[in-house]
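Below: the structure, in structure tokens.
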Amino acid sequence: MSSKGKKTVPDQAHPLVALYKEMLYYRRFEERVLVAYTNQKFSGFCHVHIGQEALCVGVQKCLRPSDYMISGYRSHTQAIAKGIPGNQVFAELFGKVTGCSRGKGGSMHMFSKEHRFLGGHGIVGGQAPLATGAAFRIKYMKEDDIVVCYMGDAAMNQGQVYEVMNMAATWDLPVLFIVENNQYGMGTDIRRTTSVDHLYKRALAFDMDHSMVDAMDVETVIQHVDKIVKKMRKDKKPYLLEAKCYRYKGHSVSDPQNYRTKEEVAEWLKKDPVLVLGEKLKSEKLATEELLESWDDEIKTRVRADEQFADESPNPDMSEAWMHVYLD
Amino acid sequence: MAILTFREALGQAMYEEMERDPSVFLMGEEVAQYNGAYKVSKGLLDKFGPERVIDSPISEAGFAGLGVGAAMTGLRPIIEMMTWNFGIQGFDQIINHAAKMLYMSGGQFPIPMVIRGPNGAAHMLSSQHSQAVDPFLTNVPGLKVVCPATPADGKGLLKAAIRDNNPVCFLESEMMYGMKGEVPDGEFLIPLGVGEIKKAGSDVTIITWGKTYHKVVKTVEQIEKEFGISVEILDPRTLLPLDENLIFQSVRKTHRVVIVEEAWGFASVGAQISDRIHNMCFDELDAPVERVSTDFVPVPYNEALEHEVLPNEDKIVKAVRRVIYAD
């Protein structure tokens, strides 16, 4: 790139730059969420996704807007990736009427009909049947969208997940079940509760296509998931993807994390998907330290604006408590 | 007007609604090739094909939830539970998901879905096959709960339930599927939440729904003759939302009430109706409200024991005696 002593101008349009910025946005978003929670600006449960950004960003890059997505209770950033503006997610956390669920869902229940985000859900594994129902609709209407169903590793020990994996495999319903295996169901090491060493093996029971991906690296995720999605659009079959990842923070804000060692966390921090990609951008001359810092400043400003929107938004009117129970 | 069995009336309702709206489909155990465990869906597979009439595996939580997901994305599922006892397996999806989706999404995702199947005891099926689930379901905001007693009501209410934009739990009965009655042809809908005075009377109101309605009908002639009174039979037909005004009007006329239901009586629909009557019609009552329900034990297998613990004619007569102070 450089020639005749001119200063190198990084290619800011490079796809890796966009991926980096998006991951950094989710990192800063969730960090801001934690600060707001700690400062008691909102309450309830709060589960953040810090450390698991590469999967969220990578999967979304393989989808199109008409694909459906559904998730569990750790889904702030997945909701944003699917298209819900970050300020509406922040406002939802604050219980404001401008939130994507009008302040009636909160951290665990982000929804957007417009963006085909079928919700964050609070019953572990309960979203799998819903995802399968959305895939049933796709088949019923002879469409070629797919459904992404995010679940945590702990959901893989819920019975109804297997009921619908069987149905999806039997009836060719295009659900991409993605197990975010961060290795802890709340404070329980998956090895203490689960008979198999790799969760993707559970697909064998249904003769379902399956694989595992290193979900700490966004490029790997994109390459891997893109092939899966292309295949699914053709054969309409379900797929179980085990995504190996790690959450750097506790299960929820109140988690003291004495079920894992500092050494283990330190080992995984070396694979931090945001930092590692940042280093790569520098080594490939796609960014400089100064540039990374300036992007970080921009993103922090953006996140502050998200929070400010939430701060300044009104609470729902009291009448909202009795609205949306039934639809006439 | 044709004479149809209860099962035929329900089948006709589904047939007509599936013909009318291509987004309606039926899923459940044995609903397609077997024509339904109780033959309610007879003929639907032949007419609508395997894309719309689907035999499910025995996975009630799974296919109840599949229905919720299909409803979230624009279809109108009818989910058949072979019995509501099995439907309890699907309660996570019905209660945690179907009932709350519209609310917690801030109004974005309605669940236009019917979950239907037989409820309560049939005959000598013992404890796990004989539960009346009405109170479990009516305790949940977001659900509607319907419990018809006649073939005509079955058809009119099921058609309305399929067109409703909310999750509707539809409670039938194995013992009623063969009962016959006049059923209006074609477009015949009964709005949900509207009860009916099945028999007008002036001295005692008996409030009942579903299968126990027929037990009440059997006893009424004897009661009227024996005590020289006139009995009004009120069938709310929909338990949630409840037609309270119809109940209050009847109480203000007769001043004496017996509630007959099949569920256990503790914290039941009957308890709720009694509470509403005491709140709204306290001065109108000439006697405390009496209630007949299943004794608070699991339903036994032995025929005599089963008869003893379920609401029966003898218990209904005794309850009426108490409200008219005949004892």
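Top to bottom, those sequences are chains A and B.
For the record, in the first sequence the residue sitting at position 283 is 1169 according to the numbering used here, with numbers rising by one throughout.
For the record, in the second sequence the residue sitting at position 106 is 108 according to the numbering used here, with numbers rising by one throughout.
From the three backbone atoms N, C-alpha and C, an ideal C-beta is built for every residue, glycine too.
Put simply, of Thr-1079/A, Asp-1112/A, Leu-1126/A the residue whose alpha carbon is nearest the alpha carbon of Tyr-1086/A is Leu-1126/A. Between Ala-124/B and Glu-176/B the beta-carbon gap is near 4 angstroms, inside 8 angstroms, which marks them as a contact.
Around the beta carbon of Ser-993/A, 16 or more other beta carbons lie within 10 angstroms, which makes this residue buried. Counted as a single uninterrupted DSSP element, the alpha helix (DSSP H) harbouring Tyr-912/A occupies residues 901-924. In this model, Gly-1136/A and Pro-1142/A are separated by some 7 angstroms (Cα to Cα). The beta carbon of Cys-986/A falls within 9 angstroms of a beta carbon belonging to chain B, placing the residue at that interface.
Separation of the CB atoms of Leu-68/B and Val-1151/A is rounded to 39 angstroms, and the pair is thereby denied contact status at 8 angstroms.
Runs of alpha helix (DSSP H) with 4 or more residues, each lying fully within the stretch 963-1032 of chain A, are found at 972-979, 1013-1026, listed in chain order. Taking a Cβ-Cβ cut-off of 8 angstroms, Tyr-1036/A has no neighbours in chain B, whose nearest Cβ is about 14 angstroms from it. Residue burial annotation: Asp-1083/A is exposed, with fewer than 16 other C-beta atoms found within 10 angstroms of its C-beta.
Glu-19/B places its beta carbon less than 9 angstroms from that of Leu-160/B. Annotated as proximal: Ala-273/B and Arg-293/B, with beta-carbon spacing under 9 angstroms. Listed by position along chain A, the residues whose Cβ is nearer than 8 angstroms to that of Ser-295/B form an empty set, because the closest Cβ is around 28 angstroms away. Closer than 8 angstroms at the C-beta level to chain A, one finds these residues of the stretch 141-173 of chain B: Pro-143, Gly-144, Lys-146, Asn-167, Asn-168. Our two residues, Ala-63/B and Phe-928/A, have alpha carbons roughly 34 angstroms apart in a direct line. Taking C-beta atoms as the reference points, Ile-96/B and Cys-171/B count as a pair closer than 9 angstroms. Identification of chain A residues near Phe-111/B by a Cβ-Cβ cut-off of 8 angstroms yields Phe-997, Lys-999, Leu-1004, Gly-1005, ordered along the chain. Minimum Cα-Cα distance from Ala-66/B among the listed residues Ser-252/B, Arg-118/B, Leu-287/B corresponds to Arg-118/B. It is roughly 19 angstroms from the alpha-carbon of Asp-136/B to the alpha-carbon of Ala-162/B. Non-local C-beta neighbours of Thr-1074/A in its own chain, meaning closer than 8 angstroms and more than five positions away in sequence, comprise Ala-1040, Tyr-1145, ordered along the chain. Near chain B, meaning a CB-to-CB distance below 8 angstroms, the residues of the stretch 960-992 of chain A are Gly-985, Cys-986, Ser-987, Arg-988, Gly-989, Lys-990, Gly-991. Between Gln-1194/A and the set Tyr-912/A, Pro-896/A, Ala-922/A, the nearest pair of CA atoms involves Ala-922/A. If the five residues before and after Ile-1114/A are omitted, its C-beta is found closer than 6 angstroms to the C-beta atoms of Tyr-1125, all from its own chain and listed in chain order. In this structure the stretch 996-1013 of chain A lies against the stretch 961-973 of chain A, because at least three pairs of beta carbons, one per stretch, are closer than 8 angstroms. Sequence-ordered contacts of the stretch 1009-1038 of chain A with chain B read Ile-1009, Gly-1012, Pro-1015, Leu-1016, Ala-1017, Thr-1018, Gly-1019, Ala-1020, Phe-1022, Arg-1023, Tyr-1026 [C-beta pairs closer than 7 angstroms].
The beta carbon of Ala-73/B sits closer than 7 angstroms to the beta carbons of Pro-79, Ile-113, Pro-114, Met-115 from its chain, once the five residues preceding and following it are set aside; these are given in chain order. Under the DSSP assignment, Leu-1177/A falls in the alpha helix (DSSP H) whose first and last residues are 1175-1198.
Per DSSP, the continuous alpha helix (DSSP H) segment holding Tyr-215/B begins and ends at 213-229. The Cβ atoms of Glu-264/B and Asn-121/B sit closer than 9 angstroms to each other. Close CB contacts of Val-222/B within its chain, under the 6 angstroms cut and outside five residues either way in sequence, are with Val-233 (chain order). Secondary structure at Phe-93/B: helix, using DSSP grouped into helix, strand and coil. The beta carbon of Leu-287/B is closer than 8 angstroms to those of Val-253, His-257, Arg-258, Val-259, Ile-279, His-280 in its chain, skipping five residues each way along the sequence. For Tyr-954/A, at least one C-beta of chain B is nearer than 9 angstroms to its own C-beta. In this structure, the beta-carbon distance from Ile-81/B to Phe-138/B does not fall below 9 angstroms.
When Ile-261/B, Thr-296/B, Ile-209/B, Ser-58/B are compared, the shortest CA-CA separation from Tyr-36/B is found for Ser-58/B. Contacts with chain B at 9 angstroms (Cβ-Cβ) include Tyr-1212/A.
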